[in-house]
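Novice:
Protein chains: 2
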Amino acid sequence: MLKVIAQDFIHPDHIETVMPLYKELVEKTRQEPLCLSYELFVDHKDPGHFIFIETWPDRAALDMHCATEHFQRLVPQINGYQSQPGQFLLMDACAGTEALAAWTAVPVL
Amino acid sequence: MLKVIAQDFIHPDHIETVMPLYKELVEKTRQEPLCLSYELFVDHKDPGHFIFIETWPDRAALDMHCATEHFQRLVPQINGYQSQPGQFLLMDACAGTEALAAWTAVPVL
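Chains A and B are the protein sequences, given in the same order.
In terms of full-length UniProt numbering, the first sequence has 79 at position 79, counting the first letter as 1, and numbering is strictly consecutive.
In terms of full-length UniProt numbering, the second sequence has 13 at position 13, counting the first letter as 1, and numbering is strictly consecutive.
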């Protein structure tokens, strides 16, 4: 199981512009058969700091996500409004602390 | 609903020392009645970079967590092995992209 945190930093003048792009990206990604969870958050302290928290079965599934039509079309558009480069963190559950069923409970539709 | 990402950076010589402290912190925190989720991950690229992803009903619940006996006892011990200060990010779900039942599906025991 692969957990991902992807952080975007959007110029404050363009937050309203990216919101429909984010919304479509989230909706289409959740329809991918291998997507276990895909949630988008915003930093309390910075309305242009967006944070995706994602769960994928493995790296191959993440790579397939990054190759989808919606990712390839929407992410470059979103990146055009960045104030600084995005940051990506790939993680494993920490051995001995796994939450049983934490990300397999109920499919998020 | 409040989402938290808390990142710890532990000196590589002390990873084995902090693991039982993390394990106790995770176990006891998940028993808190207001804890909706509390997961610990490790960065693929850095075995001393630990990432908590947490869900709380609100800021008051997070503050209660930070005041618990186990937090007050364990976190200062863990921090004694840091290689650099921790980072904390408090977030809201991004309006219009919320995943229904994403963090209310099934209690994680």
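From the three backbone atoms N, C-alpha and C, an ideal C-beta is built for every residue, glycine too.
(1) Leu36 (chain A) CB to nearest chain B CB: under 7 Å?
(2) Using DSSP with H/G/I as helix, E/B as strand and the rest coil, what is Leu109 (chain B)?
(3) By the three-class DSSP mapping on this structure, what secondary structure does Pro33 (chain B) have?
(4) Between Tyr81 (chain A) and Ile10 (chain A), is the Cβ-Cβ spacing less than 7 Å?
(5) Taking Cβ-Cβ distances shorter than 9 Å, what residues in chain B pair up with Lys23 (chain A)?
(6) Given this structure, state the Cα-to-Cα distance separating Asp63 (chain B) from Glu69 (chain A), to the nearest angstrom.
(7) Is the distance from the Cβ of His49 (chain B) to the Cβ of Asp58 (chain B) below 7 Å?
(8) Rounded to a whole number of angstroms, what is the C-alpha to C-alpha distance between Asp92 (chain B) and Thr17 (chain B)?
(9) Could you give the distance in angstroms between the alpha-carbon of Cys35 (chain A) and the alpha-carbon of Glu27 (chain A)?
(10) Along the stretch 35-61 of chain B, where does the CB come closer than 7 Å to a CB of chain D? Name the residues.
(11) Which runs of the beta strand (DSSP E) at least 3 residues long sit entirely within the UniProt domain "ABM" (2-91) of chain B? Give them in chain order.
Specialist: The answer reads as follows:
(1) Your numbering for residue 36 (chain A) matches position 36 in the first sequence. No, because no Cβ of chain B sits closer than 7 Å to the Cβ of Leu36 (chain A).
(2) Locating residue 109 (chain B) in the second sequence gives position 109, where the first residue counts as 1. Residue placement at Leu109 (chain B) is poorly supported in this model, since its pLDDT is 49, which falls under 50; the coordinates are not used for a value here.
(3) Walking along the second sequence from the start, residue 33 (chain B) turns up at place 33. The answer is coil: DSSP assigns Pro33 (chain B) none of H, G, I, E or B.
(4) On the first sequence, residue 81 (chain A) is found 81 positions in, with the first residue counted as 1. On the first sequence, residue 10 (chain A) is found 10 positions in, with the first residue counted as 1. Yes, Cβ-Cβ distance for Tyr81 (chain A) and Ile10 (chain A) is below 7 Å.
(5) By one-based count along the first sequence, residue 23 (chain A) stands at place 23. Chain B residues near Lys23 (chain A): Cys94, Gly96 and Thr97.
(6) The sequence position of residue 63 (chain B) within the second sequence is 63, counting from 1. The sequence position of residue 69 (chain A) within the first sequence is 69, counting from 1. Distance between the alpha carbons of Asp63 (chain B) and Glu69 (chain A): 42 Å.
(7) As a position in the second sequence, residue 49 (chain B) is number 49, starting the count at 1. As a position in the second sequence, residue 58 (chain B) is number 58, starting the count at 1. It is not a contact, given that the beta carbons lie outside the stated cut-off.
(8) Numbered from 1 along the second sequence, position 92 holds the residue referred to as residue 92 (chain B). Numbered from 1 along the second sequence, position 17 holds the residue referred to as residue 17 (chain B). Cα to Cα, the separation comes out at about 33 Å.
(9) By one-based count along the first sequence, residue 35 (chain A) stands at place 35. By one-based count along the first sequence, residue 27 (chain A) stands at place 27. Roughly 11 Å separates the two Cα atoms.
(10) The structure shown has no chain D; the protein chains it does contain are A and B.
(11) 2-10, 37-43 and 46-56
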